[in-house]
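See structure below.
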Amino acid sequence: MKSFSNTYIFIFSTVMVTIVAILLSFVAEGLRPAQEKNKEVEKKMDILRSVGKAERAGEVKDKDVYIEEEYSRYITGSYVIDTAGKKKEGVDAFTVDLKVELAKPVQERNLPVFVFTADDSTHKYIIPMRGTGLWGPIWGYVSFYEDFNTIYGAIFDHKGETPGLGAEINKNFFQVQFVNKKIFDEKGNFVSIRVLKGGAKPDDIHAVDAISGGTITSVAVQTMMKNCLGNYEYYFKNAKTNQNE
Amino acid sequence: MSEKESLLSKKNLKLIKDPVNENNPVIVQILGICSALAVTVKMKPAFVMAISLTVVLAASNVVYSLVRNYIPPRIRIIVQLTIIATMVILVDEILKAYVYDVSKQLSVFVGLIITNCILMGRLEAFAMGNKPWPSLLDALGNGAGYSLILIVVSFIRELFGSGTVWGYPVMEKLGVYHTGYVNNGFVALPPFALILVGIIIWVQRSRVRKLIEKQ
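First to last, the protein sequences are chains W and P. For the first sequence, our numbering assigns the number 15 to the initial residue and increments by one for each residue that follows. For the second sequence, our numbering assigns the number 266 to the initial residue and increments by one for each residue that follows.
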């Protein structure tokens, strides 16, 4: 076996690492547009799924085109509000990064709202959410009827919750429980939705069943809903008052 | 390391045939078991995983073999890891850009190709002492051996766990659900993959008697 001097080893390592770094940077930069496009389509699909659309995404030949078409057809508007419930100008709701927003002080947060117009021209309002699960981030979209109280649909997803346990939050059986639940009680106080271990009572309109064995993720969903929807409390209340007038 | 010598003495074609059969990395050397259990619920991700691993293995083996005479032995493990990690990141980036859904299903497992023992095993045992061409064949052979097991396991798990083959609802089309048949949820869970791999190892050892250790 040849022997190599220390100098040779240092030079070899430096050259090797430099080549690898240059190669990877070029590839990462080159592929970035395609990767960002994928993320954008996924976000649009999540928004559509929260109102029960994009159901054929698994079957169609060109998913990107299908999602773009559905999105431009049904998602007719979007805007950003602050925690006081006032609309903010000059911020694009789609590009708001909730991770960044939730790290900001409460008053400075940009809160996106997406407006869905159904075929019968009724509106639903879609609110994005983001929280922390057991192993990583979890997120979701909830859509509300025009009363800003009753849930029309909800979807959740996660980066890496435990398969078969916490990961089940992205399954239909968990998500359908949220339909027709209410986030305000009769007195108009914000109560959010509780995710109960051991099961919610059938007549409880403010709670759903947690996932057996997925307690931490279930609690994370509850916390996420409380934190994220809580930001919209004033906006929802104002919107309701305006509608009643 | 006894496989090293026996492989070296065989002809080039044997380099490909051996790892598929008598010297299969998964069911004989018991390498790469982790991903064989994790990504075999459905055939499509299993197939992409198999292709990814084969590509990474082939590229790493050839690159390592090309520079084998310039690598200082004292840092060879680091060099191996750097080469493998580079290839894995390349594959991961490409999957994210062109087959996003599959890359989401594979999630961390593509990244974990880096720790797949088949890779470092082949680099250390073969590419270090052989020319690029045999190294490529060796990589393709081992990749094929790994792929074969993944495809077989995922076929059985998808058919009995989800009732589909490559996403096509076979069980539904056959109408077996009317007879009261239900998909077996256990088949879709990792422990069943372990049992299945165990059964395949059993079959393999009864077929190739020389694999059985002498008492």
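C-beta atoms are modelled at their ideal positions from N, C-alpha and C, and glycine is treated no differently.
Supposed close pair M308 of chain P, S419 of chain P - CB separation, criterion 8 Å
With a Cβ gap of about 5 Å, M308 of chain P and S419 of chain P count as contacting.
Along the chain, where does the alpha helix (DSSP H) that runs through P397 of chain P open and close?
Looking at the DSSP string, the run of the alpha helix (DSSP H) that includes P397 of chain P is P397 to G426.
Unbroken alpha helix (DSSP H) run spanning N126 of chain W, endpoints
The sequence shown places Pro at residue 126 of chain W, rather than the Asn named in the question. Per DSSP, P126 of chain W belongs to no alpha helix (DSSP H); it is in the beta strand (DSSP E), L125 to T131.
Apply the 10 Å Cβ neighbour rule to T28 of chain W and answer buried if 16 or more other Cβ atoms are within range, or exposed otherwise.
So T28 of chain W ends up on the exposed side.
Against I23 of chain W, what residues of chain P qualify as contacts under a CB-to-CB distance less than 7 Å, listed in chain order?
The answer, in chain order, is P337, R339 and I340.
Quick check on DSSP: helix, strand or coil for F198 of chain W?
DSSP, reduced to helix, strand and coil, places F198 of chain W within a strand of the structure shown.
Taking the straight line between their C-alpha atoms, what separation do you get for Y85 of chain W and V193 of chain W?
The alpha-carbon separation between Y85 of chain W and V193 of chain W amounts to approximately 22 Å.
Residue ranges of each alpha helix (DSSP H) within the segment 141-196 of chain W, 4 or longer
Assignment of alpha helix (DSSP H) within the segment 141-196 of chain W, counting only whole runs of 4 or more residues, yields 186-189 in chain order.
Any 3 or more C-beta pairs closer than 8 Å across the segment 356-363 of chain P and the segment 317-326 of chain P
They touch, by the three-pair rule.
Own chain residues within Cβ distance below 8 Å of G386 of chain P, not counting five before or after:
Scanning its chain for C-beta atoms nearer than 8 Å, with the 5 sequence neighbours on each side dropped, one finds around G386 of chain P the residues P290, Q294 and L296, in chain order.
Could you list the residues in the segment 434-447 of chain P with a C-beta less than 8 Å from some C-beta on chain W, going in chain order?
If you check each beta-carbon in the segment 434-447 of chain P against every beta-carbon of chain W, none falls closer than 8 Å.
Identify every residue that forms a DSSP beta bridge with V222 of chain W.
W:V209.
Per DSSP, what are the beta-bridge partners of S92 of chain W in this structure?
In the DSSP output, where bridge partners are listed per residue, S92 of chain W has W:F128.
Let's see if you can read the secondary structure: which residues bound the alpha helix (DSSP H) around T486 of chain P?
The structure shown does not extend to residue 486 of chain P, since chain P spans only 266 to 480, so no value can be given for it.
Terminal residues of the continuous alpha helix (DSSP H) containing D283 of chain P?
Looking at the DSSP string, the run of the alpha helix (DSSP H) that includes D283 of chain P is N277 to V285.
May I ask you to list, following chain order, the residues of the segment 310-323 of chain P that have a beta carbon less than 9 Å from some beta carbon of chain W?
The residues in question: there are none.
How many whole angstroms separate the CB atoms of L125 of chain W and V94 of chain W, which I take to be in contact at a CB cut-off of 8 Å?
Their Cβ separation, rounded to whole angstroms, is 6 Å, which keeps L125 of chain W and V94 of chain W in contact under 8 Å.
Beta-carbon proximity check, Q345 of chain P vs Y329 of chain P, cutoff 8 Å:
Contact: yes.
Evaluate L280 of chain P with the Cβ neighbour count: other Cβ atoms within 10 Å of its Cβ, from every protein chain shown; 16 or more gives buried, anything less gives exposed.
Around the Cβ of L280 of chain P, a 10 Å sphere holds 16 or more other Cβ atoms; the residue is buried.
By how many angstroms is the C-alpha of G174 of chain W removed from the C-alpha of A181 of chain W?
In a straight line, the C-alpha of A181 of chain W is about 7 Å away from that of G174 of chain W.
As assigned by DSSP and simplified to three states, the class of V304 of chain P
If DSSP states are grouped into helix, strand and coil, V304 of chain P belongs with coil.
How would you label N163 of chain W, buried or exposed, when you count the other beta carbons within 10 angstroms and need 16 or more for buried?
It is buried - the Cβ of N163 of chain W has at least 16 other Cβ atoms within 10 Å.
Terminal residues of the continuous alpha helix (DSSP H) containing P47 of chain W?
For P47 of chain W, the uninterrupted alpha helix (DSSP H) run begins and ends at N20 to R63, by DSSP.
Please decide whether Y363 of chain P counts as near chain A, where near means a Cβ-Cβ distance under 8 Å.
Absent here is chain A; the protein component of the structure consists of chains W and P.
Any Cβ of chain W within less than 8 Å of the Cβ of E358 of chain P?
At least one chain W Cβ lies under 8 Å of E358 of chain P.
Does Q236 of chain W come within less than 8 Å of chain P when only Cβ atoms are used?
Q236 of chain W does not count as touching chain P.
In chain P, which residues lie with their C-beta within 8 Å of the C-beta of M59 of chain W?
Result: empty, since nearest Cβ-Cβ is about 10 Å, beyond 8 Å.
Just to confirm my understanding: we take K269 of chain P, look at its own chain, exclude 5 residues before and 5 after, and list those with CB closer than 6 Å. What are they?
Low local confidence applies: a pLDDT of 46 at K269 of chain P is under 50, so the model's placement there is unreliable, and no value is given.
Just to make sure I have the definition right: I need the residues of chain W whose C-beta is within less than 8 Å of the C-beta of T347 of chain P. Which are they?
Among the residues of chain W, those whose CB is under 8 Å from the CB of T347 of chain P are M30, V31 and V34, following chain order.
Straight-line Cα distance separating T351 of chain P from V34 of chain W:
CA-CA distance, V34 of chain W to T351 of chain P, rounds to 7 Å.
So, is H443 of chain P buried or exposed, given that buried needs 16 or more other C-beta atoms within 10 angstroms?
Classification of H443 of chain P: exposed, given that the 10 Å Cβ count is below 16.
Contact with chain P by F18 of chain W, beta-carbon distance below 8 Å
Proximity of F18 of chain W to chain P, defined by a Cβ-Cβ separation below 8 Å, is satisfied.
Using a Cβ-Cβ cut-off of 8 Å, state whether G66 of chain W counts as contacting chain P.
Closer than 8 Å to the CB of G66 of chain W there is not a single CB belonging to chain P.
Measuring CB atoms only, is the segment 134-152 of chain W touching the segment 214-225 of chain W, in the sense that at least three cross pairs come out at less than 8 Å?
No: fewer than three Cβ pairs fall under 8 Å.
According to DSSP, is Y249 of chain W helix, strand or coil?
DSSP places Y249 of chain W in helix when its eight states are reduced to three.
Comparing C-alpha positions only, which one of W:G99, W:L116, W:K100 and W:K67 sits nearest to W153 of chain W?
Nearest C-alpha to W153 of chain W: W:L116.
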